[in-house]
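Below is one structure, written out as structure tokens, with a few remarks after it.
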Amino acid sequence: MLNSVTMTRSRRPNAGSRMARLLNEEEEDDFYTNAYGGFAEEENDNDYESESSGHDSIDTDFADSEEEDDEDEGSGGEAMDDEKRKRRTRRVVTKSYKEPKTKKEVNEKITPESKSRIKTAVPAEETLTETIAESRKLRASTVRATETAAQRREASSVNAEVTAVKRKALMAEIAQRKNLPEVRRLTQEELLAEAKITEEINKRSLARYQRMEVERKKIRVQKTVSQQPMIRTHSFTVPCLADQPEVYDVSVNPDKEVEMRRMLVERNARCARTLVSFADEASFAAAFPSYAATTTSGKRTDSTSSPSRKRQMHHCPLTGRVARYLDPLTRTPYADLAAFRALRHLYRLHLETGASAVDLLRRFRSGEIKLGADND
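Counting with full-length UniProt numbering, you get residues 1 to 376 for the letters of the sequence shown.
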């Protein structure tokens with residue numbers, strides 16, 4: 001059925017119009033002609049054969065119908081078809097050597113029907129040639145991309161040359177400012193040698209700094225105290241007692257003794273006080289010569305009368321002897337171990353009964369309270 005449609009269909013009026021336009025716009029790409037020795041195809045190449053030549057005749061029958069469909073499709077589908085055709089064209093198939101087939105002599109006569117078949121097959125061969133040529137044709141977008149890439153490479157090379165010229169001019173200007181010849185970039189060996197010299201300099205500097213730190217730590221900074229005469233004043237306020245009425249409060253202490261304390265009626269009444277202190281005796285004597293003379297004479301008489309101050313002696317309240325120890329709990333001096341045990345026994349009775357310490361001590365000394373055998 002397919003062959004009958006292909007044979008009987010008439011040729012389209014616009015057949016080959018796109019092929020002519022593509023052939024006119026064809027531009028060769030430098031990459032395919034120069035890279036790896038070029039990809040130009042030879043006309044009479046018996047070793048290699050394109051895959052497109054081995055296609056089935058059914059593909060050639062639909063070549064015209066595909067052209068009609070391409071006119072209605074968008075730019076996206078057209079680009080994909082062109083790319084597929086291009087890949088098929090570039091692909092090379094290597095085949096093994098085969099013995100040529102011997103042509104059989106046909107003594108049959110050519111009939112009018114065979115002539116018509118030959119005449120009808122000619123348009124199919126032309127369509128196949130057009131399809132192959134179109135597949136080998138490069139797309140316009142590929143050509144534009146190639147031109148853009150070439151322009152970019154050319155622009156980058158020009159920019160690199162301009163940058164090199166500017167850098168050279170800048171280095172020459174720097175050398176001219178320093179009154180030196182043109183600066184030359186050091187090699188790797190020269191940089192390593194310079195790094196070794198810098199390392200030695202840094203080591204010496206570090207050792208010198210460490211010695212300075214050790215010497216600095218050895219020297220202690222002593223703060224100098226000012227020896228100038230100084231007079232300080234300190235002012236503050238206290239509750240005023242002079243102008244308040246004399247009102248006393250009566251209370252009984254734990255020893256059952258009556259105590260009288262003066263009460264503050266007006267608590268907001270306050271008065272100022274100012275204290276004056278002198279840093280040394282010379283400034284005090286200069287400010288108050290009469291008082292300083294009296295104080296100095298009194299000190300002299302005290303020093304002559306009592307050259308050595310005697311130590312205050314404490315007595316044990318239980319035994320009446322000189323106390324050699326002090327109880328840390330009751331803060332009471334005692335003479336020996338027996339007095340210490342009696343003192344702790346009285347303290348325990350004071351906590352249990354709540355009696356006053358004076359009454360317990362008086363009862364112990366009168367013999368009313370005695371220590372038991374369990375109080376050792």
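Don't be surprised by glycine CBs; every beta carbon is placed ideally from N, CA and C.
Can you tell me whether residue 169 is helix, strand or coil according to DSSP?
Assigned with DSSP and collapsed to three states, residue 169 falls in helix.
Does any heavy atom of the ligand MG sit closer than 7 angstroms to the C-beta of residue 332?
Looking at this structure, you won't find the ligand MG or any other ligand, since it has none at all.
For residue 321 versus residue 315, is the C-beta spacing smaller than 8 angstroms?
yes
Which first and last residues belong to the beta strand (DSSP E) in which residue 235 is found?
231-239
Is it buried or exposed for residue 359, if we count other Cβ within 10 angstroms and need 16 for buried?
exposed
Where does residue 225 sit, in a helix, a strand or coil, going by DSSP?
coil
Around the C-beta of residue 364, are 16 or more other C-beta atoms found within 10 angstroms, so that it is buried, or is it exposed?
buried
Kindly provide the ranges of any beta strand (DSSP E) runs that are 3 or more residues long and lie completely inside the stretch 141-210, ordered along the chain.
none
Rounded distance between the beta-carbons of residue 276 and residue 219, thought under 8 angstroms:
With 8 angstroms as the limit, residue 219 and residue 276 do not qualify as a contact, their Cβ atoms being about 40 angstroms apart.
Apart from the five residues just before and just after residue 25, which ones in its own chain have a Cβ nearer than 7 angstroms to its Cβ?
140
If you draw a straight line from the C-alpha of residue 355 to the C-alpha of residue 317, how long is it?
Cα to Cα, the separation comes out at about 17 angstroms.
Tell me whether residue 251 sits in a helix, a strand or coil according to DSSP, three-state version.
strand
What residues in its chain sit with their C-beta under 6 angstroms from that of residue 82, if we drop five residues either side in the sequence?
Contacts found: 139.
Short Cβ contact (8 angstroms threshold) for residue 270 with residue 289:
No; because the gap between Cβ atoms is not below 8 angstroms, this pair is not in contact.
Buried or exposed for residue 209, please, with buried defined as at least 16 other CB atoms from any protein chain shown within 10 angstroms of its CB.
exposed
Look up residue 334 in the DSSP assignment and give the residues it is bridged to.
325
Within the continuous beta strand (DSSP E) that includes residue 356, where are the two ends?
Per DSSP, residue 356 belongs to no beta strand (DSSP E) and is neither H nor E.
For residue 251 and residue 261, believed in contact at Cβ under 8 angstroms, the rounded distance:
7 angstroms
Span of the alpha helix (DSSP H) around residue 285
Residues 281-287.
Consult DSSP for residue 12 and reduce its assignment to one of helix, strand or coil.
Residue 12 carries a coil assignment under DSSP once its states are collapsed to helix, strand and coil.
The alpha helix (DSSP H) with residue 272 in it runs from where to where?
No alpha helix (DSSP H) holds residue 272; the beta strand (DSSP E) holding it covers 270-278.
Taking only three categories from DSSP, how would you classify residue 220?
Here DSSP, grouped into helix, strand and coil, assigns residue 220 to coil.
Sort 332, 31, 346, 350 by Cα distance to residue 149 and report the nearest one.
Taking residue 149 as reference, the option from 332, 31, 346, 350 with the minimal CA-CA separation is 31.
Backbone secondary structure at residue 315 - three-state DSSP
strand
According to the Cβ coordinates, are residue 344 and residue 371 closer than 8 angstroms?
no
Quick check on the burial criterion: 16 or more other C-beta atoms within 10 angstroms. Buried or exposed for residue 291?
Residue 291 is exposed by the Cβ-count criterion.
Just the Cα atoms here: how many angstroms apart are residue 205 and residue 188?
26 angstroms
If you draw a straight line from the alpha carbon of residue 151 to that of residue 170, how long is it in whole angstroms?
28 angstroms
Can you tell me the Cα-Cα spacing of residue 281 and residue 227, whole angstroms?
For residue 281 and residue 227, the distance between alpha carbons rounds to 13 angstroms.
Take the Cβ of residue 346 as the centre, count every other Cβ of all protein chains shown within 10 Å, and call the residue buried at 16 or more, exposed below.
Result: buried.
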